[in-house]
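In terms of the working numbering, the sequence shown is residues 297 to 935.
Backbone N, C-alpha and C fix where the C-beta goes; we use that ideal spot for every residue, glycine too.
It should be emphasised that the depicted structure is a prediction, and the values quoted were computed from it without experimental measurement.
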Amino acid sequence: MTGGGNSNSGAAGADSQARFAARLAAGRAQSLGALRDLYGRRSDFAAIAERVFAEIESCHRRRPAVLRELDNRRQRQPDWFEQPGLIGYTCYVDRFAGSFNQVVDRIPYLKSLGVSYLHLLSVLKARPGDSDGGFAIEDYRQTNPQLGSIDELEQLAAALRAEGISLCVDFVYNHTAREHAWARRAMAGERRYRDYYFVFDSETQKRHYEPWLQQVFPVSAPGNFTFEQSLDAWVWTTFYPFQWDLNYQNPQVFVEMLKNLLYLANRGVEVFRMDAAAFSWKRAGTDCLNQPETHALLRALRALVGIAAPSVVLKVEAIVGAAQATMYFGAADCRGREGHIAYHNALMASLWRSLAQENAAKTLYLLRDLPRNPPGTAWVNYLRCHDDIGWGALLDERGANWSSDEAELQRVVDFYDGLGEGGESYARGRRFQTQAGHQVHGTNGTLASLAGLERALQAGDPGAVDLAVARITLLHSVIFSQSGVPLINMGDEVGLLNDYGQADRLGGDGRWLHRPVWHRPENPLHRRAGDRILAALQAMLAARGANPVFHARAEVQFIELAQTAVLAAARRYGGQTVLTLANFSAQSCRIDLQSVPPGGAWRSATDLLGAVAVDGDTVALAGYGRAWLQLQQATDYPE
Ligand code: OTU
């Protein structure tokens with residue numbers, strides 16, 4: 297291992313040992329509690345627990361000195377990922393820069409945006425050929441050779457850290473590739489490795505589960521099981537047939553995956569994106585999502601990582617309804633003990649629904665009615681990622697006032713397919729995994745194409761380009777003014793459009809439509825639009841980063857205005873009060889600020905974005921306009 301220094305020598309080593317011992321003493325009961333929820337009924341539980349603690353001790357022993365220092369720093373500032381200045385960016389290494397080494401060259405660009413957290417996709421060694429965009433891992437301790445070696449990844453992590461940027465990579469822990477050594481050994485007849493997966497000899501076993509399961513890729517990978525000739529059995533494959541679900545009921549799997557995670561943490565990964573987190577535990581007769589053990593598994597990992605490598609953050613990727621998603625921060629007496637951060641998938645989908653409907657009401661209800669985050673947790677707020685916009689999270693969530701029925705969402709899906717009610721819409725997206733009888737699933741397309749830029753450029757219509765730029769800026773203004781980590785999706789900051797060539801070339805999976813190679817647009821109209829988007833995002837992020845009011849722990853009040861197109865929230869923190877406004881309609885409007893607590897005080901407020909001026913007790917918002925109005929003085933703010 298490079299760059300670590302001798303982590304065990306002298307006084308520093310003794311000090312570090314003492315800190316580890318203190319963390320172990322403090323975190324042991326919690327770790328054991330979570331492990332017991334997973335394996336407590338087994339007669340060999342004591343041995344399993346002993347094994348786990350031995351592993352974290354050995355991980356800590358090997359932890360490089362610089363990372364131990366980072367651990368200490370982060371322990372002194374445990375809210376570091378709740379700070380307004382934490383700004384994320386997500387990209388494929390090859391599509392953004394080329395290789396790990398070339399990402400280093402792009403650090404100045406990232407810094408110009410204020411980025412301090414970089415999520416790199418497709419980093420670990422995936423199976424050859426189709427790998428679901430890198431989500432079928434063959435070896436968790438090697439990297440994709442086209443991008444560079446694991447040592448180069450470690451050097452990249454260090455280079456990023458030196459610039460104040462935390463590296464995040466995917467931890468694809470629900471499944472491995474069929475080519476992973478464990479799967480190979482299972483296929484070679486080793487019983488021990490067969491038990492790492494769900495291998496069913498008979499159709500009957502499969503039927504204990506199958507009727508209750510949903511499908512993630514109903515068109516390109518129908519079903520949840522794949523018949524494997526070499527095993528003469530069915531293998532559980534939630535995603536593609538080459539992605540074999542791991543069996544965490546087998547404690548061996550837990551231990552091995554924990555070791556993999558800690559290995560990568562010791563290589564300098566600071567944030568793990570816990571891929572497909574909702575699926576990790578199976579229970580017959582259920583949909584096998586969000587099971588109690590699914591949560592216990594994450595709780596165990598958090599507690600153990602907190603002892604061995606406490607600067608590490610777990611980011612939960614659970615693409616489920618909002619009420620279920622909040623549970624990944626920990627529920628009941630475990631609040632705050634599970635994921636540190638989690639994707640706000642329902643908000644993401646709801647923002648797109650609001651844009652299509654030119655109505656922010658349901659987004660407001662969603663934000664207003666969700667429980668407040670427990671301390672030490674935060675949402676990850678995003679607009680687009682490498683996946684589709686999954687509409688499932690908005691579908692009739694136990695009658696919540698933020699949910700939609702199929703018919704309503706169908707109109708949203710049609711809208712993003714380019715079909716408006718009166719004819720064509722401005723969007724250029726494509727529905728994903730949609731089959732007859734089940735119309736609402738997902739939508740693909742880049743943010744810019746969905747927001748109208750592609751169509752405007754095709755028409756060569758500068759007015760339509762302006763509107764598209766305004767929509768793109770508006771959506772970003774919302775995620776930049778929320779509590780939690782804003783995450784920019786590569787290319788959205790310069791208005792990159794759908795990549796039809798790639799989508800057609802790679803066929804089967806429509807998500808390739810919105811995974812373009814990063815470039816500066818050539819068409820002058822496009823380029824100017826991209827420059828404007830970039831400048832607007834930079835200005836908003838600078839305003840966010842400099843103002844304590846955007847801390848994740850701010851007091852937030854969501855405000856129902858007469859104008860349902862406008863999403864309004866008042867935030868208070870660190871002696872500052874800011875009212876954020878976002879108009880989801882193309883129509884301009886005038887907002888009566890006297891109706892917003894604390895009433896008349898807004899008269900003297902100024903817009904942090906410099907876009908609007910308060911006029912007496914009102915403020916005018918342009919179509920798709922936004923404002924962050926800051927009170928001049930700290931005011932007593934009614935609850
Ligand atoms: C995640 O996604 C990844 O983000 C996808 O790229 C992978 O295909 C998948 O896991 C398998 O590793 O299950 O809990 O577009 O939203 O597959 C979330 C569909 C997931 C994705 C869904 C998702």
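F494 CB to nearest heavy atom of the ligand OTU below 7 Å: The residue labelled residue 494 in the question sits at position 198 within the sequence shown. Not so, every heavy atom of the ligand OTU lies at least 7 Å from the Cβ.
Beta bridge counterpart(s) of I784 as assigned by DSSP: Position 488 of the sequence shown, counting from 1, holds the residue named residue 784. DSSP, once it has assigned bridges, lists Y385 as partnering I784.
Rounded Cβ spacing between H636 and F377 (contact assumed at less than 8 Å): Here residue 636 corresponds to residue number 340 of the sequence shown, with the count starting at 1. Here residue 377 corresponds to residue number 81 of the sequence shown, with the count starting at 1. About 6 Å separates the two Cβ atoms, so the contact holds.
Continuous beta strand (DSSP E) stretch holding M570: start and end: Start at 1 with the first residue of the sequence shown, and residue 570 comes out as number 274. It spans V567 to M570 - the beta strand (DSSP E) in which M570 sits, taken as one unbroken run.
Own chain residues within Cβ distance below 7 Å of L449, not counting five before or after: Sequence index remark: in the sequence shown, residue 449 carries index 153 (1-based). Contacts found: F396, V419, T439 and R563.
Whether V845 touches T873 by CB criterion (8 Å): The residue given as residue 845 occupies position 549 in the sequence shown. The residue given as residue 873 occupies position 577 in the sequence shown. Yes; because the gap between Cβ atoms is below 8 Å, this pair is in contact.
Reference G336, options V774, A628, E818 and N546, closest by Cα: Counting from one through the sequence shown, the residue named residue 336 turns up at place 40. Comparing Cα positions, the closest option is N546.
DSSP-derived helix/strand/coil call for I344: Mapped onto the sequence shown, residue 344 falls at position 48. Three-state DSSP puts I344 in a helix.
8 Å Cβ cutoff met for S884 and Q928: Mapped onto the sequence shown, residue 884 falls at position 588. Mapped onto the sequence shown, residue 928 falls at position 632. Contact flag unset, no.
Where the alpha helix (DSSP H) through G329 begins and ends: Mapped onto the sequence shown, residue 329 falls at position 33. Element bounds for G329: G306 to Y335.
Cβ-heavy atom distance, I433 to the ligand OTU, below 7 Å: The residue you call residue 433 lines up with position 137 of the sequence shown. No.
Limits of the beta strand (DSSP E) - the one that K421 falls within: Taking the sequence shown and counting its residues from 1, one reaches residue 421 at position 125. Segment L420 to A422, the beta strand (DSSP E) holding K421.
Terminal residues of the beta strand (DSSP E) in which A878 lies: By one-based count along the sequence shown, residue 878 stands at place 582. Its beta strand (DSSP E) spans residues Q872 to N879.
Cβ neighbour criterion (16 or more within 10 Å) applied to A596: Locating residue 596 in the sequence shown gives position 300, counting from the first residue. Label assigned to A596: buried.
Cβ distance (whole Å) where A592 is taken to contact D333 below 8 Å: Reading the sequence shown from its first residue, position 296 is the one you call residue 592. Reading the sequence shown from its first residue, position 37 is the one you call residue 333. About 4 Å; that satisfies the 8 Å criterion.
Rounded separation between V495 and L585 - CA only: The count along the sequence shown starts at 1 and reaches residue 495 at position 199. The count along the sequence shown starts at 1 and reaches residue 585 at position 289. Cα-Cα distance, rounded: 19 Å.
Cα-Cα separation, W898 to W675: On the sequence shown, residue 898 is found 602 positions in, with the first residue counted as 1. On the sequence shown, residue 675 is found 379 positions in, with the first residue counted as 1. Using only the alpha carbons, I get a separation of about 28 Å.
Contact set for N302: own chain, Cβ-Cβ below 6 Å, skip 5 residues either direction: For this step, residue 302 is matched to residue 6 along the sequence shown. Here the model assigns N302 a pLDDT of 48, short of 50, so the residue's position is not dependable, and the following value carries that caveat. Excluding positions up to five away in sequence, the list is empty.
The segment 346-355 in contact with the segment 553-570 per 3-pair CB rule at 8 Å: yes
Buried or exposed by the 16-neighbour rule on C-beta atoms within 10 Å, applied to G430: By 1-based counting over the sequence shown, the position of residue 430 is 134. It is buried - the Cβ of G430 has at least 16 other Cβ atoms within 10 Å.
H504, DSSP secondary structure in three states: For the purposes of this step, residue 504 is identified with residue 208 of the sequence shown, where counting begins at 1. Coil, per DSSP.
Cβ distance (whole Å) where L863 is taken to contact V774 below 8 Å: Locating residue 863 in the sequence shown gives position 567, counting from the first residue. Locating residue 774 in the sequence shown gives position 478, counting from the first residue. With 8 Å as the limit, L863 and V774 qualify as a contact, their Cβ atoms being about 6 Å apart.
Every unbroken alpha helix (DSSP H) within the segment 586-625, with a cutoff of 4 residues, ordered by chain: 588-604 and 618-622
Three-state secondary structure assigned by DSSP to G301: Numbered from 1 along the sequence shown, position 5 holds the residue referred to as residue 301. Annotation note: pLDDT 47 at G301 (below 50); position unreliable, coordinate value reported separately. Coil.
For H772, the first and last residue of its enclosing alpha helix (DSSP H): As a position in the sequence shown, residue 772 is number 476, starting the count at 1. Run containing H772: P758 to S777, per the alpha helix (DSSP H) assignment.
Alpha carbon of G718 to alpha carbon of D447, nearest angstrom: The residue labelled residue 718 in the question sits at position 422 within the sequence shown. The residue labelled residue 447 in the question sits at position 151 within the sequence shown. Straight-line Cα distance between these residues: approximately 56 Å.
Between the CA atoms of G725 and S412 - distance to the nearest angstrom: Locating residue 412 in the sequence shown gives position 116, counting from the first residue. Locating residue 725 in the sequence shown gives position 429, counting from the first residue. If I take the Cα positions, the gap works out to 30 Å.
Cβ neighbour criterion (16 or more within 10 Å) applied to H356: Along the sequence shown, read from residue 1 onward, the residue named residue 356 stands at position 60. Flag for H356 reads buried.
Three-pair Cβ contact test at 8 Å for the segment 640-649 versus the segment 684-701: yes
Completely contained alpha helix (DSSP H) runs for the segment 650-715, where each covers 4 or more residues: 657-665 and 702-712
Runs of alpha helix (DSSP H) wholly within the segment 781-842 (minimum 4 residues, chain order): 796-801 and 820-841
Residue burial classification, N641 (beta-carbon count within 10 angstroms, cutoff 16): Here the question's residue 641 lines up with position 345 in the sequence shown. The residue in question, N641, is buried, as its Cβ has 16 or more Cβ neighbours within 10 Å.
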